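J.: Quick one: the structure is below, questions incoming.
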Amino acid sequence: FNQTVTEEHIITGGTGRFEGASGSFTLERVVYDVRPGVDLESSGSFSGTIVLATSK
(Lines of atoms letter the chains of each structure in order from A; the text may use other names.)
(Lines give C-alpha, C1' and ligand atoms only; values in the text may rest on other atoms or scores of the structure.)
Protein backbone atom coordinates (compact mmCIF):
# COMPACT_ATOMS: atom_id res chain seq x y z
CA PHE A 13 0.00 0.00 0.00
CA ASN A 14 1.10 3.58 -0.62
CA GLN A 15 -0.37 6.51 1.24
CA THR A 16 0.38 10.21 0.80
CA VAL A 17 0.65 12.19 4.03
CA THR A 18 0.69 16.01 4.22
CA GLU A 19 1.52 17.70 7.53
CA GLU A 20 1.41 21.44 8.21
CA HIS A 21 3.43 22.84 11.13
CA ILE A 22 3.70 26.24 12.81
CA ILE A 23 6.97 27.42 14.40
CA THR A 24 6.63 29.60 17.50
CA GLY A 25 9.40 30.61 19.87
CA GLY A 26 12.60 28.67 20.05
CA THR A 27 15.57 28.40 22.39
CA GLY A 28 19.08 29.76 22.47
CA ARG A 29 20.03 31.60 19.30
CA PHE A 30 16.63 30.68 17.81
CA GLU A 31 14.66 32.38 20.60
CA GLY A 32 11.72 34.27 19.09
CA ALA A 33 11.81 32.39 15.77
CA SER A 34 8.55 31.99 13.85
CA GLY A 35 7.30 30.53 10.61
CA SER A 36 5.65 27.50 9.11
CA PHE A 37 6.48 24.48 6.98
CA THR A 38 4.75 21.68 5.14
CA LEU A 39 5.95 18.09 5.07
CA GLU A 40 4.73 15.99 2.17
CA ARG A 41 5.63 12.30 2.16
CA VAL A 42 4.64 8.92 0.84
CA VAL A 43 4.41 5.96 3.23
CA TYR A 44 4.79 2.54 1.66
CA ASP A 45 5.07 -1.13 2.65
CA VAL A 46 8.53 -2.59 2.27
CA ARG A 47 7.35 -5.95 3.56
CA PRO A 48 3.55 -5.90 3.84
CA GLY A 49 2.42 -6.08 7.45
CA VAL A 50 6.00 -5.91 8.75
CA ASP A 51 7.95 -2.79 7.67
CA LEU A 52 6.83 0.67 6.61
CA GLU A 53 9.09 3.35 5.14
CA SER A 54 8.50 6.90 4.02
CA SER A 55 10.20 9.53 1.89
CA GLY A 56 9.28 13.12 1.30
CA SER A 57 10.20 16.78 1.33
CA PHE A 58 9.88 19.93 3.44
CA SER A 59 9.01 23.42 2.25
CA GLY A 60 8.39 26.58 4.21
CA THR A 61 9.87 29.63 5.91
CA ILE A 62 11.65 30.27 9.20
CA VAL A 63 11.98 33.87 10.36
CA LEU A 64 14.69 34.52 12.94
CA ALA A 65 14.12 37.22 15.55
CA THR A 66 16.32 40.29 15.27
CA SER A 67 19.17 40.64 17.77
CA LYS A 68 18.57 42.82 20.79
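For reference, each letter of the sequence shown is one residue, going 13 to 68 in our numbering. C-beta atoms are modelled at their ideal positions from N, C-alpha and C, and glycine is treated no differently. Fair warning: this is a prediction, and the values are worked out from it, not measured in the lab.
Helix, strand or coil for Gly25, going by three-state DSSP, please let me know.
T.: Numbered from its first residue, the sequence shown carries residue 25 at position 13. Gly25: strand per DSSP, three-state reduction.
J.: Check the C-beta distance from Gly60 over to Phe37 and give it rounded, since I have them as a contact under 8 Å.
T.: Along the sequence shown, one-based indexing puts residue 60 at 48. Along the sequence shown, one-based indexing puts residue 37 at 25. With a Cβ gap of about 3 Å, Gly60 and Phe37 count as contacting.
J.: Who are the near neighbours of Glu19 in its chain, counting only those whose CB is closer than 6 Å to its CB and skipping five residues on each side?
T.: As a first step, residue 19 is located in the sequence shown; it is residue number 7 there, counting from the start. Excluding positions up to five away in sequence, the list reads Leu39.
J.: Answer yes or no: do Val46 and Ser55 have a C-beta to C-beta separation smaller than 8 Å?
T.: On the sequence shown, residue 46 is found 34 positions in, with the first residue counted as 1. On the sequence shown, residue 55 is found 43 positions in, with the first residue counted as 1. Taking 8 Å as the Cβ cut-off, Val46 and Ser55 do not qualify as a contacting pair.
J.: Short check: CB of Thr24 to CB of Ser34, under 8 Å?
T.: Translated into positions along the sequence shown, residue 24 becomes position 12. Translated into positions along the sequence shown, residue 34 becomes position 22. Yes, the pair counts as a contact, with Cβ atoms nearer than the cut-off.
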